[in-house]
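J.:
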Amino acid sequence: MNSGIISYCHIKQNQVTLNGALLFEHNNPENFQEFIKSAYNTLETKYPKFFKMDNLSKLSFLAADVILKNEGLDPEEDNNIAIVFSNNASSLDTDRAHQETIQDKNNYFPSPAVFVYTLPNICIGEISIKHKLYSENSFFIFDSFNAKHLYHYSNSLLSEKKADKVLCGWVNFDKDSYEAFIYLVGSNKHMDHNLETIIKLYENKNGVIKTGT
Numbered sequence: 001m002n003s004g005i006i007s008y009c010h011i012k013q014n015q016v017t018l019n020g021a022l023l024f025e026h027n028n029p030e031n032f033q034e035f036i037k038s039a040y041n042t043l044e045t046k047y048p049k050f051f052k053m054d055n056l057s058k059l060s061f062l063a064a065d066v067i068l069k070n071e072g073l074d075p076e077e078d079n080n081i082a083i084v085f086s087n088n089a090s091s092l093d094t095d096r097a098h099q100e101t102i103q104d105k106n107n108y109f110p111s112p113a114v115f116v117y118t119l120p121n122i123c124i125g126e127i128s129i130k131h132k133l134y135s136e137n138s139f140f141i142f143d144s145f146n147a148k149h150l151y152h153y154s155n156s157l158l159s160e161k162k163a164d165k166v167l168c169g170w171v172n173f174d175k176d177s178y179e180a181f182i183y184l185v186g187s188n189k190h191m192d193h194n195l196e197t198i199i200k201l202y203e204n205k206n207g208v209i210k211t212g213t
């Protein structure tokens, strides 16, 4: 399968980058909510439902939106782009919030708005709705970033013609620790799609390119 990596996005350490170039940086390392809200506004994400999402979905949605907007997708057309995400915390951050609402029988206040996000793959649905993605999707839980699985799974989807492109990656949120690394695989490649390249991009060995300075 002659697939290639078209583009990639990192969100970590209060920065958002696309293909190694810095798009946004926030100066408050202690507050994810401030960071993600500022990034949303600066990057003109334009999706009001964003503010109702849990932290994992906000993180995933923003990273995917950066890549997919860069693709210039037709907003009126359905897109045959599959999504294959992974992490090691599942929806644990939201699970804790839900548990707090049900553990005290005398102060029992479960919220459907919280409960709906107690599955990690809900973030995939949010991305699919905005960008009209109607293909395969999966969310896997691993101990650590598993480039081999993402590589083989995405190649399988492409070779079996179940998708024209595949949005892959690692999106993890646990307490105040967060990280997103998402990349788009398809035929119009920017770089080769292989294990070495995926791992190199994930580890960000090329560093961040600061533009406009």
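Counting from 1, one number per residue, gives the positions in the sequence shown under the UniProt record's numbering.
Even for Gly, the Cβ is constructed at its ideal location relative to N, Cα and C.
No experiment lies behind these values; they were computed from the predicted model shown.
Tell me Lys-165's beta-bridge partners as DSSP assigns them.
T.: The partner list for Lys-165 (beta bridge, DSSP) reads Ile-81.
J.: Do Ile-127 and Phe-173 have their beta-carbon atoms positioned less than 8 Å apart in this structure?
T.: It is not a contact, given that the beta carbons lie outside the stated cut-off.
J.: Taking the alpha-carbon positions, what's the Asn-88 to Glu-179 distance?
T.: Roughly 11 Å separates the two Cα atoms.
J.: In the structure shown, what three-state DSSP assignment does Asp-65 receive?
T.: Note: Asp-65 maps to helix in three-state DSSP.
J.: So what does DSSP say about Glu-179, is it helix, strand or coil?
T.: Looking at Glu-179 - three-state DSSP - the assignment turns out to be strand.
J.: Could you give the distance in angstroms between the alpha-carbon of Phe-32 and the alpha-carbon of Lys-189?
T.: Straight-line Cα distance between these residues: approximately 33 Å.
J.: Can you list, in chain order, the stretches of the alpha helix (DSSP H) that have 4 or more residues and sit fully within the stretch 117-146?
T.: Entirely contained in the stretch 117-146, the alpha helix (DSSP H) runs reaching 4 residues are, in chain order, 122-131.
J.: In its own chain, which residues sit with a C-beta less than 7 Å from the C-beta of Met-191, not counting the 5 before and 5 after it?
T.: Closer than 7 Å at Cβ, skipping near neighbours: Gly-4, Ile-5 and Thr-197.
J.: Which partner residues does Val-171 have in the DSSP bridge list?
T.: In DSSP, Val-171 forms a bridge with Ala-180.
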